[in-house]
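Sequential numbering of the sequence shown, starting at 170, is according to this note's numbering. So the structure is just underneath, and the comments pick up after that.
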Amino acid sequence: MIYSSLLIPLTCSLILYLKLKMNTIKTMVFDLYNTLIEIKKPNHFFLKLFKISKNGFDIDFSSYLKLVMTKDINQLKSVLPIEFNQLYNKNIASLEEELNSVIVYEEVFDVLESLKQNFRIFLISNLASPYKHPFYEYNLDSYFEEMLFSCDIGYLKPDRFIFNEIEKLTNNTPNEILMIGDSFKSDILGAKKMNWNYLKVNRHSSSLKDYEITNLKEIEQHIKI
Numbered sequence: 170m171i172y173s174s175l176l177i178p179l180t181c182s183l184i185l186y187l188k189l190k191m192n193t194i195k196t197m198v199f200d201l202y203n204t205l206i207e208i209k210k211p212n213h214f215f216l217k218l219f220k221i222s223k224n225g226f227d228i229d230f231s232s233y234l235k236l237v238m239t240k241d242i243n244q245l246k247s248v249l250p251i252e253f254n255q256l257y258n259k260n261i262a263s264l265e266e267e268l269n270s271v272i273v274y275e276e277v278f279d280v281l282e283s284l285k286q287n288f289r290i291f292l293i294s295n296l297a298s299p300y301k302h303p304f305y306e307y308n309l310d311s312y313f314e315e316m317l318f319s320c321d322i323g324y325l326k327p328d329r330f331i332f333n334e335i336e337k338l339t340n341n342t343p344n345e346i347l348m349i350g351d352s353f354k355s356d357i358l359g360a361k362k363m364n365w366n367y368l369k370v371n372r373h374s375s376s377l378k379d380y381e382i383t384n385l386k387e388i389e390q391h392i393k394i
């Protein structure tokens with residue numbers, strides 16, 4: 170009982186500290202998939218191409234995946250064997266089905282509209298080039314000052330290069346930036362290495378850590394006391 174009574178004020182102090190730290194925020198940086206939007210019918214298109222290829226395009230899977238996520242389609246077709254282009258075109262319907270199934274989470278538009286009034290809003294996302302299309306089709310780009318996609322800049326989160334680019338674009342100090350994403354490895358660890366503030370989106374669990382939220386409406390609870 171003594172330990173329990175001691176833990177309560179300690180926990181409250183930690184939450185208060187986190188909120189006080191969040192009050193310095195000037196810029197918010199969002200992840201895209203499973204943070205703002207979701208694929209309802211995932212076909213894992215590029216994984217499928219690799220699996221049905223004769224010899225894995227003569228490249229190990231890790232290297233293939235990095236190429237897919239850091240090159241645009243034309244670059245991929247130029248660096249991978251002709252078989253990649255053939256399989257890509259033959260199975261394009263699978264990719265289209267996947268992209269057409271993308272939905273925006275219910276609260277996203279309202280939250281971004283509200284946040285945009287008081288904060289600078291940026292986006293950084295690890296994705297293959299075709300997966301940018303739903304972002305623009307839903308006009309989500311209108312809420313963001315700048316978007317950094319791995320397939321365009323050639324780097325993947327949590328590489329410091331991407332996070333450094335945000336600091337250059339904003340001229341903010343680390344304590345003035347808040348990263349919001351669903352991936353602990355890509356988003357949270359990347360932000361921690363930069364000494365940024367961070368919130369992890371966890372839409373599927375009722376047991377949450379202090380830095381986790383179940384939807385974007387909860388951001389406001391962490392930046393105000």
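Heads up, the beta-carbon is just placed ideally off N, CA and C, and yes, glycines get one too.
Chain-order list of residues whose beta-carbon lies under 8 Å from that of residue i (same chain, five-residue window excluded)
{"i": "K209", "result": "S270, V271 and I272"}
{"i": "K217", "result": "N260 and S263"}
Three-state secondary structure assigned by DSSP to residue i
{"i": "I194", "result": "coil"}
{"i": "S294", "result": "strand"}
{"i": "Y202", "result": "strand"}
{"i": "K369", "result": "strand"}
{"i": "M238", "result": "helix"}
{"i": "E336", "result": "helix"}
{"i": "L249", "result": "coil"}
{"i": "G350", "result": "strand"}
{"i": "L317", "result": "strand"}
Of the residues the options, the one placed nearest residue i, counting alpha carbons only
{"i": "M363", "options": "N344, F313 and E389", "result": "N344"}
{"i": "R372", "options": "D321, I349, R329 and L358", "result": "I349"}
{"i": "A360", "options": "T342, S374, L377 and S375", "result": "T342"}
{"i": "F353", "options": "S375, K326, N340 and S376", "result": "K326"}
{"i": "V248", "options": "E381, D227, H213 and S375", "result": "D227"}
{"i": "D328", "options": "K235, F230, E315 and G225", "result": "K235"}
{"i": "S212", "options": "E265, L377 and S375", "result": "Rather than Ser, the amino acid found at residue 212 in this sequence is Asn. Nearest option by C-alpha distance: E265."}
{"i": "G225", "options": "T193, L256 and Y274", "result": "L256"}
Rounded distance between the beta-carbons of residue j and residue i, thought under 8 Å
{"i": "L385", "j": "V237", "result": "That pair is no contact at about 28 Å."}
{"i": "D379", "j": "K369", "result": "In fact, because the Cβ distance is near 10 Å, the residues do not count as touching under 8 Å."}
{"i": "L281", "j": "I290", "result": "7 Å"}
{"i": "L309", "j": "Y202", "result": "So it is not a contact: roughly 12 Å between Cβ atoms."}
{"i": "P299", "j": "I242", "result": "7 Å"}
C-beta atoms of residue i and residue j nearer than 7 Å
{"i": "D351", "j": "T204", "result": "yes"}
{"i": "K285", "j": "Y305", "result": "no"}
{"i": "S222", "j": "E267", "result": "no"}
{"i": "W330", "j": "Y324", "result": "The question names Trp, but residue 330 is Phe in the sequence shown. Yes, these two residues count as a Cβ contact at 7 Å."}
{"i": "L347", "j": "N366", "result": "yes"}
{"i": "I392", "j": "V198", "result": "no"}
{"i": "K301", "j": "F318", "result": "yes"}
{"i": "Y233", "j": "F219", "result": "yes"}
{"i": "N254", "j": "K246", "result": "yes"}
Spatial neighbours of residue i in its chain, beta-carbon cut-off 6 Å, leaving aside the 5 residues before and after
{"i": "L176", "result": "Below a pLDDT of 50, predicted positions are generally treated as unreliable, and L176, at 46, falls in that range; the measurement from the model is reported next regardless. Excluding residues within five positions, none has a Cβ falling inside 6 Å."}
{"i": "I388", "result": "none"}
Nonlocal neighbours in the same chain, by C-beta distance under 7 Å from residue i, ignoring five residues either side
{"i": "C320", "result": "M238, T239, K240, D241, L296, A297 and S298"}
{"i": "E315", "result": "F291 and L338"}
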